[in-house]
Amino acid sequence: MAGAIGQQRKWWILTGVSLGILMFTIDLSVVNIALPTLIREFQTSFTAVQWVVLSYLLVMTSLQLGASRLGDLWGKKYLFIGGLAIFTISSALCGIAGTVWELVGFRALEGLGGVFIAGLAAAIVTESFTPQERGKALGIVSGLMSVGVALGPTLGGVLIAWVSWRAIFWINIPIGLIAMGIILKYLPTQARPRKSETFDYLGAGVIAFSLGSFALGMTTGQARGFINMIPLTLLALAALGIGLFLWIQTQVKYPTLNLQLFRDWELSRSVILNCIVSLVIAGGVFVLPFFFEIVKQFPTQQVGMLLAVCPISNAIISPMAGQLSDRWGTKRIRIIGLGLVIGVCFLISQFNSNSPIIQFILTFIPYGIGLGLFQAASVTAIMSSVPPTAMGIGSGLIALVSTLGQMIGVPLMGSLFILLGGLPPGSEIKSAPPLALTHGLAGCFMVAAGLTIFGLGILLIQFRHPPKVEKLQQPIPF
261 MAGAIGQQRK WWILTGVSLG ILMFTIDLSV VNIALPTLIR EFQTSFTAVQ WVVLSYLLVM
321 TSLQLGASRL GDLWGKKYLF IGGLAIFTIS SALCGIAGTV WELVGFRALE GLGGVFIAGL
381 AAAIVTESFT PQERGKALGI VSGLMSVGVA LGPTLGGVLI AWVSWRAIFW INIPIGLIAM
441 GIILKYLPTQ ARPRKSETFD YLGAGVIAFS LGSFALGMTT GQARGFINMI PLTLLALAAL
501 GIGLFLWIQT QVKYPTLNLQ LFRDWELSRS VILNCIVSLV IAGGVFVLPF FFEIVKQFPT
561 QQVGMLLAVC PISNAIISPM AGQLSDRWGT KRIRIIGLGL VIGVCFLISQ FNSNSPIIQF
621 ILTFIPYGIG LGLFQAASVT AIMSSVPPTA MGIGSGLIAL VSTLGQMIGV PLMGSLFILL
681 GGLPPGSEIK SAPPLALTHG LAGCFMVAAG LTIFGLGILL IQFRHPPKVE KLQQPIPF
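So the sequence shown is numbered by my numbering: it starts at 261 and just counts up by one.
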């Protein structure tokens, strides 16, 4: 398709896709900064407010690969525009939510739109540009993605402090409308979508049930205690559901997740590592605002600026990370990145009520660098391991493991925050003793360090005859 698209037209396509990704990444990072505010505004609990994040991730994780497959089957243009429209409308609805559970429902709808934005963007850019231009185009999108993640906490802090928490959703409306107009005008419609294949509704339903059971089990455990039949039953159902999903994928003709891809060890370990790192990132970003606002008593605007340090350093290192991967190989770059993440997790575990602001800043800078190095090299490794005919599935797989890690990380770290802080089930986080929250934060990041060490061990495992894969010039940023 790239050869048939004019030079000016393809850059307009890139602009439209980039705006969609910018909106998506700002929204993804801006909500966490609002969580302590939402607890106060809605007079709700720590357990309930987690579902503002979890409902969004649950929908995205359940449908991510399905969206990519639908793009390969039906054509990507109108699915991407539909995703932008759903995301824009649901953002407006989030901004007028009257209760926390209304907000949870509208966030789930927002996640449906995000599925098509994140799942199809990389494939659209890849198909729109020639191999010689692709690296540059994807580098631009990657940079804008980092800008969105960095801008989210800072912009969110300012809007919450000076306008309202509702404004963090309203900013999506003009961006979404402009992106829809550009894509509608400039992105060609695929000539003949393949209609012979079918969508794996059963697999998507089972994985949604499994992840929903896991999230409910973890959040119910926070409220009732984990030595209780309700959370234990939900967690058992989640485990059984995952097993059933994997079995279904071996039986259906057109599975949501083609397990044959995982015969490639490089792809398998890259997926596992991406999931672990996404878990660590999401869990950390979820608990840190509560530490800063309750223990350190920083205003929301200042918390947003502090949390932006990590993605800003990530954005600075990302353009160089792809070049370093080409020169030294993805494995070495990932080892360096994971090493930095492990070290920083131990440093964050030492945060306390007397820690100065400069300590937070100097800790978050290498954290962002480590994550930037790892993510760029890891995405390159994944996209280089899938066949050219499955680029849409490869793009969706990257988005899937990222949201899956976040889906696991938020309730897991939320539970550890309560348990390791020594708080009883159902405790009100806003009135918890600062020392308990400090211990909870330390415990969360010690666990995060342990998980990352486990991931590093997986990366170091080398089979005698590793599969040979081709490198891409630049990572695909999803």
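The beta-carbon is built from N, C-alpha and C at its ideal position, and this holds for glycine as well.
Going by C-alpha positions, I629 is about 11 Å away from P579. Rounded to whole angstroms, F366 and T590 show a C-alpha spacing of 39 Å. Cβ neighbours of R484 within its own chain (closer than 8 Å, five residues either side excluded): I490, P491, P685 and G686. The stretch 622–697 contains, as complete alpha helix (DSSP H) runs of 4+ residues, the segments 651–679 (chain order). Following the DSSP letters along the chain, one finds S615 in no alpha helix (DSSP H), marked with neither H nor E.
Listed in chain order, the non-local C-beta contacts of T449 below 8 Å within the same chain comprise G335, K337 and Y338, local neighbours out to five positions each way being set aside. Counting only the Cα atoms, G331 lies some 37 Å from S675. A residue is called buried when at least 16 other Cβ atoms come within 10 angstroms of its Cβ; V409 meets this threshold and is buried. Counting other Cβ atoms within 10 Å of its Cβ, W588 stays below 16 and is therefore classed as exposed. In the structure shown, T390 falls within a coil segment according to DSSP collapsed to helix, strand and coil. Close CB contacts of A421 within its chain, under the 7 Å cut and outside five residues either way in sequence, are with P559, T560 and Q561 (chain order).
Classified as exposed, A496 has fewer than 16 neighbouring CB atoms from the shown chains inside 10 Å of its CB. Annotation: the continuous alpha helix (DSSP H) that includes R594 extends over T590 to I608. With fewer than 16 neighbouring CB atoms inside 10 Å of its own CB, Q268 falls in the exposed class. Taken atom to atom, the span from the alpha-carbon of I658 to that of C354 is near 27 Å. Taking a C-beta distance under 9 Å as the contact criterion, L711 and L539 qualify as a contact pair.
One alpha carbon belongs to K556, the other to V545, and they sit about 16 Å apart. Under the 10 Å beta carbon count, N292 is surrounded by 16 or more other beta carbons and is classified as buried. Shown here, I356 sits in coil according to DSSP, grouped into three states, outside any helix or strand.
Excluding five sequence positions before and after I341, the CB atoms of its chain that fall closer than 7 Å to its own CB belong to M440, I443 and L444, given in chain order. In its chain, beyond the 5 residues on either side, V604, L607 and I608 have a beta carbon closer than 7 Å to the beta carbon of T623.
Around the C-beta of V423, fewer than 16 other C-beta atoms lie within 10 Å, and the residue is accordingly described as exposed.
Here Q509 carries a helix assignment [DSSP, helix/strand/coil].
Residues of the same chain with a CB within less than 6 Å of the CB of T414, apart from the 5 flanking positions on each side, are G564, M565 and A568 in chain order. The three-state reading of DSSP puts V423 in coil, since its state is none of H, G, I, E or B.
Ranked by Cα distance from G276, the options V512, V385 and L527 are led by V385. In the structure shown, L517 falls within a coil segment according to DSSP collapsed to helix, strand and coil. S388 and A702 have their C-alpha atoms some 46 Å from each other. Remark: three or more beta-carbon pairs, one from each stretch, lie closer than 8 Å, so the stretch 311–327 and the stretch 474–483 are flagged as touching.
Distance between L279 and I541, taken at the CA atoms: about 24 Å.
When DSSP states are grouped into helix, strand and coil, N488 belongs to the coil group.
The residue from I286, I502, M405 and I299 with its alpha-carbon nearest to that of A636 is M405. Between the alpha carbons of I595 and I356 lies a gap of roughly 45 Å. Non-local C-beta neighbours of L369 in its own chain, meaning closer than 6 Å and more than five positions away in sequence, comprise S350, ordered along the chain.
R529 and Q303 have their C-alpha atoms some 43 Å from each other.
When secondary structure is reduced to three states using DSSP, Q562 falls in the helix class.
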